[in-house]
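Undergrad: Numbering (the numbering used here), first residue to last: 732 to 969.
Please read through the structure below; I'll follow up with questions.
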C-alpha cells in the first residue's frame, strides 16, 4: 500500500511575511508495486511566480519533476496560475478550510486540498528553485522544432520511458497517457504530423508537441521537465 500526499504551499505575498506559509494537503491511498514510495505534488508561490512540482521518493532518492511554471493572480476567493510556456491555466477555488482544484493536471484536478497552517523559515532553496526552472523554461520556450516533410515512419505503439518513474504510454486508437510514478500528468488523443507528435490533453484542454528522433520521442513542450527529456521504447504493444 502506498500513500500519495498532495501539498499546496502558498508563501505570503508580502516579502516581510516570508517566515510563514499556508499549506493545503490532499491524501489518498492505492495499491502499487512495493518498490515505489511516496509522491508529493507541490505548488510553491512566491511574490510573483508559482511552480507546480511532483516529487517522488524512489530508492531513498527524491526525484523533482517540474510540471508547470509561471505567474499568478490571487483574488479573494480563487488563485489563477498561468503557465509560462504553454499558456494553460490552473484554477484553485478557496473554500472554507480547503482549496478546490477546478482546473489543472489530472492528478490534482477536481480534488480538495485540506488547509493546514504551518510556519517555517523562508529558505533560499526556494528562490534557487525559481531561478533554475525559469532558466529551463526559457530554453524550452525559445526552441523551434523543425518539420521534416520526408519523415514517413509511424510512431510505434508501446511504453516509452525517460527514467525510472516517467512512463509515456502510446495506445491504440490514438490514445496516450503520461505518468510519473502512478500520477497521470496528461492524457488524451495523439496525432502525428511528419516527425512531430501532437498530444492533446483533455484535462487542460491543451495540445503539446514532441519530436520523433531515431525512433525516440523528444520532449519539446510537454509539461514535465525531468533530468532526461528523451523517451525510448521499452515495450511494444502486441
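Cβ atoms here follow ideal geometry from the backbone N, Cα and C, with glycine treated the same way.
Determine the direct distance from the alpha carbon of residue 945 to that of residue 822, and round the result to whole angstroms.
TA: Whole-angstrom Cα-Cα distance: 38 angstroms.
Undergrad: What residue from 790, 888, 786 and 826 has the CA that sits closest to residue 928's CA?
TA: Answer by Cα proximity: 888.
Undergrad: By Cβ distance, which residues of its chain are closer than 8 angstroms to residue 909, with the 5 residues on each side in sequence left out?
TA: So the list reads 897, 898, 899, 900, 915, 916, 917, 918, 930, 953 and 955, once near-sequence residues are dropped.
Undergrad: Would you please state the rounded distance, in angstroms, between the beta carbons of residue 938 and residue 950? I believe it to be under 8 angstroms.
TA: The pair is not a contact, with the Cβ atoms about 14 angstroms apart (cut-off 8 angstroms).
Undergrad: Could you please give the first and the last residue of the uninterrupted beta strand (DSSP E) stretch that includes residue 921?
TA: Element bounds for residue 921: 914–924.
Undergrad: Which one of 892, 783 and 838 has the shortest CA to CA distance from residue 947?
TA: For the residues 892, 783 and 838, the minimum Cα distance to residue 947 belongs to 892.
Undergrad: Please report how far the alpha carbon of residue 803 lies from the alpha carbon of residue 825, in whole angstroms.
TA: Their backbone Cα atoms lie some 15 angstroms apart in a straight line.
Undergrad: Assuming contact is defined by CB atoms lying nearer than 8 angstroms, are residue 934 and residue 779 in contact in what I supplied?
TA: In this structure, residue 779 does not lie closer than 8 angstroms to residue 934 by Cβ.
Undergrad: Considering only their Cβ atoms, is the gap separating residue 807 from residue 795 smaller than 8 angstroms?
TA: No; because the gap between Cβ atoms is not below 8 angstroms, this pair is not in contact.
Undergrad: Could you check what DSSP says for residue 889 in three-state terms: helix, strand or coil?
TA: Residue state, collapsed to three classes: strand.
Undergrad: Identify whether residue 933 lies in helix, strand or coil by the three-state DSSP scheme.
TA: Three-state result, residue 933: coil.
Undergrad: Measure the CB-CB distance between residue 965 and residue 890 and report whether it falls below 8 angstroms.
TA: Yes, they are a contact pair.
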